[in-house]
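Protein chains in written order, with this note's numbering: chain A, 84 to 613; chain B, 84 to 613.
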């Protein structure tokens, strides 16, 4: 005791909203509704409402560590649910409404959530899910009315808003638990394997948020207006509902509508300075603005991640919108941010994912997980370590890390002399042809850079002689035509000749997962057999 | 265990240097020497050397929790000592060479450090100190040669550099302890009372550093060159030796010379973008540049703290140097940063100290410590709470906080509608005259704003009739003259008439404490009696 001490201070997520409400009481959370209508709440109002969500959940016997699920779009009511659940020490299990009901139910069977908080327009889905998830007994509807016909269901269905009215009085204290308590549960997208649950803790998401706030990372400040297009059901919406109240930035939520026209309207009405989402969303914005001759003068930066950004799209976005594109790399298992390109837009390429900030460390290994002797300018299997990286998946006994604590990402990568990360492919996407590896990502990068091409994917197609042979699938830009020879000609001399795809398939619309990534599982199912 | 988990990650300070060395290996720490010479080390080189300091200390039987003291200027060798000491889990006790030997010895008696790491030009002081500090047995000299005559002292005196040569081989592992382990010890400046030791922990300084890195706070990034004029013996040098390697910024250290000419040369040769120090230092820079007609084009921001900034000086600095001045408020007890004005230089006044960032909370109370019902636009006694705020002073049994965990700063303050903190005075500086309080800070602010005035101080002078009466002391700007009536005339109508100082004293040079604050203890000693 003679040593002296500093004050105890638990790193719990409720502190972000408390801080925003107290020190940036007038900063707003804005939610887009139908026909350009918006709903506005101050952080102070939002905090009061989130407190009442906690009170309600306590009345409904939710206790510390219990999972409470959400099936909802990006709206302030969803943010209130997050803080209401997490603040009291329950675990917010975010569900992706774009998945099949049976897949969602399988996740609920694992998390055993009894209460589902559901957007009004997703109630039918929630009912379908609940049929296979018997633990679910209660549905609380947000952002709309409770449907009148209820099919004599065993489920209790109510409007959350109506219940809040009775949730007065003393609720549970926020943050009255250890900072390592779990706060969230999110399953991986499953584009390369079975979905696995990642349990975020208050501490891990708190430290992740502080990383985002750094001047070299997301650099979000009190004067920013931040549009979170990245869904709240996907890896904490990249931590934006934590980062914005932490500094008093305006948080702008698009609700269900993320088409180009809706986003352009919202960006202009809310003077958005930073917009965050997957590449396809920004393609939609760009095409809308090009079609109508519109502009987004307030927008300074677009943070892109979740899927590779075609260089041509990056260039078009920067030149047409006058913004800086910040590329990034992350995963559900990383909370989700791993690396982010510098916000000042210096030395940049679409393939660059930036450098790790303090709290993230990277390692390249060979196929067997042995550290490569040289860590720069060679391709290796990417491993990651840090305060916001998964150690063990939900419900699993075995750690997801190796003996030294490294998590194998499944990505292939290079790191240049300056420490910039370049993701070169997914280990699981590699094609084995005649006993040698072909990296689809390299072919996709070249084809994706062609001005006529919107999206490109290369998958392995079963082949009797070679085991697998590469197949190129392309979605062309509107009104563009290009023959196969032209497409494949772009590859000549830039890839080994035996990497040349045997066939080209044109798609009206590339199948994408709800996260915006090209759904290679789907492509392989349809086109992978000889 | 079914819950899943995120990776363990201890918030220990060695991680900052490890990160800088690995991911910003070419970023430099630059130390100014004599005649414009500079010494350059990369973070990678500095880390190797700091590791060897740890190895040496281990050989000298320094163990976890032991205090090792430094008595040194801002140099890379001092930074190496910091990381060498803290990395292995020992506690770095920074001593202020501008204090009297007996005062320094009194601090060493408390910390019981056996080893002193000393700048070559402070060895004589170290010997004088050691006479009253019998625990000290060893002096390791940095930044110069060991003096040849040693007076047959009981002290072992060696050049640290020479010892490092033998300190090869496996040293102690860095960061292999709990993150709440103590990392540093620094005594308060004692301008208002007896110096008290504040024990920083790895966790508290780590979280303090992450706060500084926020885009709304110090906003230090990898492209910055940061001049740390604030001494390393004063409250962690505001955390700059932690913040710079954490993001790979260049760290520029002035050594002993902090005169205007030396600083201007260093700023220009190292393309400094951010400079950090107390107001008097920047007055020196300004006067030098004005005298020689020089300029500092790379400099973007000056972070000022440690003492009130006269509004006239702020305006001169901004207009003459073309920089943004970031005012701030802090204390040794706060690690030391409390609040910082926004880096974009928007809505600003010299008196504004900015808003608290996440991790710092403020409260205003009355004299008895009772929370004021209204927290905005009223003056109160300022309390603070947070992850990097003292809980209990070194060697004391009683906490320094109240029952709710608030630390009473001794400052008087107002908070405006936007949440900006304005320090209005020191509670201990208040003058009681005829049973009523006079706040010297308000008078000082008005007088300090006069163009002819460089520094102003108001103290209470013993008075038989009134108890105390205010006395105004001024240091005028070079070549300025102004009569008493003119000075006092500026106060008319702006303060209660009975606050009017009875007398004006002109000083050639205002006495300042080593921290740059006006030394009111000294002024009271000389001028406080009737």
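All residues carry an ideal CB built from backbone N, CA and C; glycine is no exception.
Taken atom to atom, the span from the alpha-carbon of residue 329(B) to that of residue 490(B) is near 29 Å. With a 10 Å radius around the Cβ and a threshold of 16 neighbouring Cβ atoms, residue 288(A) comes out buried.
Residue-level contact by beta carbon fails for residue 266(A) and chain B, as no gap is shorter than 7 Å. Under the 7 Å criterion on CB atoms, residue 409(B) is classed as non-interfacial with respect to chain A. Rounded to the nearest whole angstrom, the CA to CA distance from residue 207(A) to residue 496(B) is 56 Å. In the DSSP assignment, residue 285(B) forms no beta bridge with any residue. About 29 Å separates the CB atoms of residue 310(A) and residue 194(A); that is not less than 8 Å, and the two are not in contact. Excluding residues up to 5 positions away in sequence, 391, 539, 540 and 541 lie with their Cβ nearer than 8 Å to the Cβ of residue 527(B) in the same chain. Within its own chain, the residues whose Cβ lies closer than 6 Å to the Cβ of residue 158(B), once the five positions on either side in sequence are excluded, are 114, 226, 336 and 338, listed in chain order.
Within the same chain, Cβ atoms closer than 8 Å to the Cβ of residue 515(A) are found at 521, 543, 550 and 551, the five residues on either side in sequence being excluded.
Legend: CB atoms of the stretch 467-482 of chain A lying less than 8 Å from CB atoms of chain B belong to residues 468, 469, 470, 471, 472, 473, 474, 475, 476, 477, 478, 479 and 480. If you check the CB distance, residue 137(B) and residue 172(B) do not come in under 7 Å. For residue 413(A), the enclosing beta strand (DSSP E) starts and ends at 411-413.
Taking 8 Å as the Cβ-Cβ cut-off, the stretch 306-328 of chain A approaches chain B at 306, given in chain order. Close to chain B, meaning a Cβ-Cβ distance shorter than 9 Å, are the following residues of the stretch 98-110 of chain A: 98, 99, 101, 102, 103, 105, 106, 107, 108 and 109. Each residue's CA atom was taken as its position, placing residue 470(B) and residue 265(B) some 14 Å apart.
Contact between residue 277(A) and residue 139(A) fails: their C-beta atoms lie close to 34 Å from each other, not under 8 Å.
Listed in chain order, the non-local C-beta contacts of residue 109(A) below 7 Å within the same chain comprise 125, local neighbours out to five positions each way being set aside. Checking the DSSP bridge columns, you'll see residue 448(B) partnered with 454(B) and 464(B).
Around residue 413(B), the same chain offers 388, 419, 420 and 421 as residues with beta carbons nearer than 6 Å, after the five sequence neighbours per side are excluded. Listed along chain A are 106, each with a C-beta nearer than 7 Å to that of residue 438(B). A distance below 8 Å between beta-carbons, with the five flanking residues on each side excluded, links residue 211(A) to the following residues of its chain, in chain order: 184. Comparing alpha carbon positions, the residue from 462(B), 427(B), 453(B) and 467(B) closest to residue 439(B) is 467(B). Neighbourhood of residue 484(A) in chain B, by CB distance below 9 Å: 90, in chain order. Shown here for residue 502(A): same chain residues with a beta carbon closer than 7 Å to its own, the five before and five after excluded, namely 438 in chain order. The beta-carbon of residue 282(B) is placed less than 7 Å from the nearest beta-carbon of chain A. Residue-level contact by beta carbon holds for residue 441(A) and chain B, with a gap shorter than 7 Å. When only Cα atoms are considered, residue 384(B) and residue 369(B) end up about 14 Å apart.
For residue 175(B), the number of other beta carbons within 10 angstroms of its own is at least 16, and it is reported as buried. Taking the Cα positions, residue 205(B) is about 17 Å away from residue 190(B). In the structure shown, the three-state DSSP call for residue 193(A) is helix. Of the other Cβ atoms in all chains shown, 16 or more fall within 10 Å of the Cβ of residue 319(A); this residue is therefore buried. Burial is judged here by how many other beta carbons sit within 10 angstroms of a residue's own beta carbon; residue 179(B) has at least 16 and is buried.
With at least 16 other beta carbons inside 10 angstroms of its own, residue 133(A) counts as buried.
Neighbours of residue 151(A) in chain B, taken as residues at a C-beta separation under 8 Å, are lacking, since the least C-beta distance is about 15 Å. For the stretch 124-154 of chain B, the set of residues with a beta-carbon nearer than 8 Å to any beta-carbon of chain A comprises 148, in chain order.
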